[in-house]
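Let me begin by presenting the structure, written as structure tokens, before commenting on it.
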Amino acid sequence: MYSVSEGKAGRCLRATAFIARGTRLFTFDPRRWQKEKTYQTIQVGPDQHHLPDSDLILLNHSCNPNLIVNTEKGLVYALKDIYPGEELNYFYPSTEWDMSRPFACCCGSPQCLGYVREALWTPLNFLLGQFINRHIVQLIQKNLAEACVFENFIEIK
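To convert, count from 1 in the sequence shown and add 1201; that's this note's numbering.
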């Protein structure tokens, strides 16, 4: 279904056969996590990070992804039809609230953000066009709720 290859950002996974939208490609156990985040971990909860022990670790980022990583179910699905030779990728801010190592994006898609940062710093209007995991939605809601607390911004005299 896929093989390890070299891509614009280093090692990657490429489809070796047609992969239909909705196909499950990977599974992982989101209950197996660590507190420490690294550039190789996938955030699965507000303070939980999963270190993949499979080819899942080679999935690169794209601003126009062809995969969805569902951190609640521990599943990776094809978001759209994927053709042989295409790199397998997902949208990193869909799982990452605060990345350990942001980087310049080289996905080349027309809607490329240019610089990949975590969901915390990704424009909300861009996030709205993507699948994002529940822990990211909850962290966005928490930050928005704090933004409307007047006392957080001014000292009342």
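We put the beta carbon where it would ideally sit given N, CA and C, even for glycine.
Nonlocal neighbours in the same chain, by C-beta distance under 7 Å from E1287, ignoring five residues either side:
R1215, A1216 and N1267
- Task: Starting from the Cα of C1313, find the closest Cα among R1302, P1294, G1223 and L1257 and give me that residue.
- Result: P1294
Pick helix, strand or coil for E1347, following the three-state DSSP scheme.
helix
Within 8 Å, do at least three Cβ pairs link the segment 1268-1281 to the segment 1220-1234? yes
- Item | Pick from Y1240, N1261, L1340 and V1270 that is closest to L1252, judged by C-alpha positions | Y1240
request  = Take G1223 and list the residues in its own chain whose beta-carbon comes closer than 7 Å to its own, dropping the five residues that flank it on each side.
outcome  = Y1278 and A1279
inquiry  = Tell me which residues share the same chain as G1208 and place their Cβ nearer than 6 Å to its Cβ, disregarding the 5 neighbours each side in the sequence.
reply    = E1288
On the three-pair Cβ rule with 8 Å, is the segment 1338-1345 touching the segment 1300-1309? no
Identify the continuous beta strand (DSSP E) that holds N1271 and give its terminal residues.
L1268 to N1271
- prompt: N1334 and T1296 look like a contact to me (Cβ under 8 Å); what is the Cβ gap, rounded to whole Å?
  reply: 6 Å
| So what's Q1249 in DSSP terms, helix, strand or just coil? | strand
Between E1273 and chain D, is any beta-carbon pair separated by less than 9 Å? The structure shown contains no chain D; it holds only a single protein chain.
*CA-to-CA distance, L1345 to D1282, given in whole angstroms*: 35 Å
Item checked: Whole runs of the alpha helix (DSSP H) within the segment 1272-1346, excluding any shorter than 4 residues -> 1325-1328
Hey, out of W1298, V1245 and F1292, whose CA is closest to W1322's CA?
W1298
- Query: What first and last residue would you give for the beta strand (DSSP E) that runs through Y1203?
  - Reply: Y1203 to G1208
Can you give me the C-alpha to C-alpha distance between P1311 and F1332, rounded to a whole angstrom?
18 Å
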